[in-house]
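Chains as they are written, first to last, in the numbering used here: chain V, 13 to 104; chain C, 737 to 850.
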């Protein structure tokens with residue numbers, strides 16, 4: 013019973029940190045001890061390790077999302093024109 | 737879209753600013769360095785793309801914006817916070833919730849807990 017509860021607490025602990033670990037963003041730093049503990053848990057726990065894989069796949073798919081969702085080039089051209097007009101007004 | 741065009745100047749993976757916008761003519765916006773995408777990842781991307789687009793579109797505006805700024809435009813948490821005018825903690829919680837919503841939509845057969 014205790015082992016099961018302890019395992020659940022570790023998954024909870026890990027779940028809160030998986031995204032920060034994968035992002036490696038300076039605003040959400042994990043120290044070396046946390047990283048080691050998290051990596052050990054991800055290697056040992058199928059659910060948490062699987063969840064980390066899902067986040068990685070999602071991040072990779074989103075990185076190329078804009079390749080499939082580019083704005084209308086005519087809209088972009090109109091925006092360039094508008095930006096140039098704004099810049100011209102600013103320097104007038 | 738205009739915001740994203742502005743954000744090209746502050747993206748952390750883009751070391752040079754665009755001096756003359758005329759240089760941009762005919763160029764596709766460069767969101768993220770493509771690097772080398774292996775065949776497995778390309779397959780995953782194709783498999784995911786339509787459901788992913790639907791999942792992203794179904795997010796509330798606050799969640800979708802943060803997700804696009806960080807995971808598509810590759811802004812850091814702090815940069816996204818500055819752009820949105822919200823605390824970094826807000827970015828982190830919205831981002832986490834957005835990713836979880838999308839992840840669960842794409843994997844409905846996962847276990848019951850978050």
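Where a beta carbon is used, it is the ideal one built from N, C-alpha and C, also for glycine.
Exercise. Do residue 792 of chain C and residue 805 of chain C come within 9 Å of each other at the CB atom, strictly closer than that value?
Worked result: no
For this session: Write down the C-beta distance between residue 812 of chain C and residue 38 of chain V rounded to the nearest angstrom, noting that I regard them as a contact closer than 8 Å.
Result: 7 Å
Exercise. Expressed to the nearest angstrom, what Euclidean distance is found between the alpha-carbon atoms of residue 64 of chain V and residue 821 of chain C?
Worked result: 29 Å
Exercise. Does DSSP put residue 810 of chain C in a helix, in a strand, or in coil?
Worked result: coil
Problem set entry | Within 9 Å, strictly: CB atoms of residue 74 of chain V and residue 808 of chain C | yes
Problem set entry | residue 834 of chain C and residue 788 of chain C closer than 9 Å at C-beta | No. Outside cutoff.
Exercise. Since residue 50 of chain V and residue 26 of chain V are thought to touch, with beta carbons under 8 Å apart, how far apart are those beta carbons, to the nearest angstrom?
Worked result: About 6 Å separates the two Cβ atoms, so the contact holds.
For this session: For residue 764 of chain C, count neighbouring Cβ atoms within 10 angstroms of its own Cβ and tell me buried if that reaches 16, exposed if not.
Result: Because the pLDDT at residue 764 of chain C is just 48, under 50, the model does not fix this residue reliably, and the point stays unresolved.
Problem set entry | Proximity to residue 841 of chain C [Cα-Cα], best of V:100, V:102 and V:66 | V:66
For this session: Give, in chain order, every residue of the segment 785–805 of chain C whose Cβ lies closer than 9 Å to some Cβ of chain V.
Result: 785, 788, 789, 792, 803 and 804
Problem set entry | Closest residue to residue 34 of chain V among V:47, V:96 and V:81 (Cα-Cα distance) | V:47
Exercise. For chain V, is any of its Cβ atoms less than 9 Å away from the one on residue 843 of chain C?
Worked result: yes
For this session: Anything in chain C within Cβ reach of residue 50 of chain V, meaning under 9 Å, just list it in chain order.
Result: None at all; the shortest Cβ gap to chain C is about 16 Å.
Problem set entry | Under 9 Å by beta carbon: chain C residues contacting residue 103 of chain V | Residues of chain C passing the Cβ test: none, with the nearest at roughly 13 Å.
Problem set entry | Interface residues of chain V facing residue 814 of chain C [CB-CB closer than 9 Å] | Annotation: Cβ neighbours of residue 814 of chain C in chain V (cutoff 9 Å, chain order): 37, 38 and 39.
For this session: Could you pull out every residue in the same chain whose Cβ sits closer than 7 Å to the Cβ of residue 24 of chain V, ignoring the five residues on either side in sequence?
Result: Excluding residues within five positions, none has a Cβ falling inside 7 Å.
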